[in-house]
């Protein structure tokens, strides 16, 4: 038998939906955090591609500061991944939410560093004389 919407009777109150429970909120936030992680990993892959192009340009005076910025952004990502631990599903939902919100803020900072490094690398490649390197398309925006 299928339950039909509206068959609960007028004036009855329903239990909170799964999406509004703290446990569901924690799960949704963790899913969002992992989507941002995946996006940041894609940016890290782009960093490696751009670093190879900058290195091949053989213009260390112009590329060294940008490469250092790229390495720092990559290191920030590696540090975040090394320290992140998925919250224990048996922990109280409020505790998981607090931890995940902190991690979300930290990862947002890492994503900003990655984006800044990518933008700097792309701009530097475009400024190099006769670099012979095709422009790198802008990365897709981070998931919401």
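Numbering (the working numbering), first residue to last: -13 to 130. Idealized CB from N, CA, C, for every residue including glycine.
Check each candidate in the options and name the one with the smallest Cα separation from residue i.
i, options, result
"residue 106", "84, 22 and 40", "40"
"residue 59", "14, 37, 75 and 47", "37"
"residue 101", "115, 57 and 20", "57"
"residue 12", "45, 74 and 92", "74"
"residue 18", "112, 61, 94 and 46", "94"
With a threshold of 16 other CB atoms inside 10 Å of the CB of residue i, please say whether the residue is buried or exposed.
i, result
"residue 7", "exposed"
"residue 55", "buried"
"residue 99", "buried"
"residue 129", "exposed"
By Cβ distance below 8 angstroms, which residues in the same chain neighbour residue i in space, the five residues on each side in sequence not counted?
i, result
"residue 52", "40, 103, 106, 107 and 110"
"residue 22", "90, 93, 94, 97, 128 and 129"
Cutting at 7 angstroms between CB atoms, please list the residues of its own chain near residue i, excluding the five before and the five after it.
i, result
"residue 80", "8"
"residue 63", "26, 30, 96 and 100"
"residue 86", "12, 15, 16, 19 and 73"
"residue 66", "92, 93 and 96"
If you drop the 5 nearest sequence neighbours on each side, which residues of the same chain put their C-beta closer than 6 angstroms to that of residue i?
i, result
"residue -1", "Confidence in residue -1 is poor, its pLDDT being 49 and thus under 50, which makes the residue's placement unreliable; the coordinate value appears in the next sentence. Excluding residues within five positions, none has a Cβ falling inside 6 angstroms."
(message) Extract the residue ranges of the alpha helix (DSSP H) inside the stretch 81 to 121, only unbroken runs of 4 or more that lie entirely within it.
(response) The stretch 81 to 121 contains no whole alpha helix (DSSP H) run of 4 or more residues.
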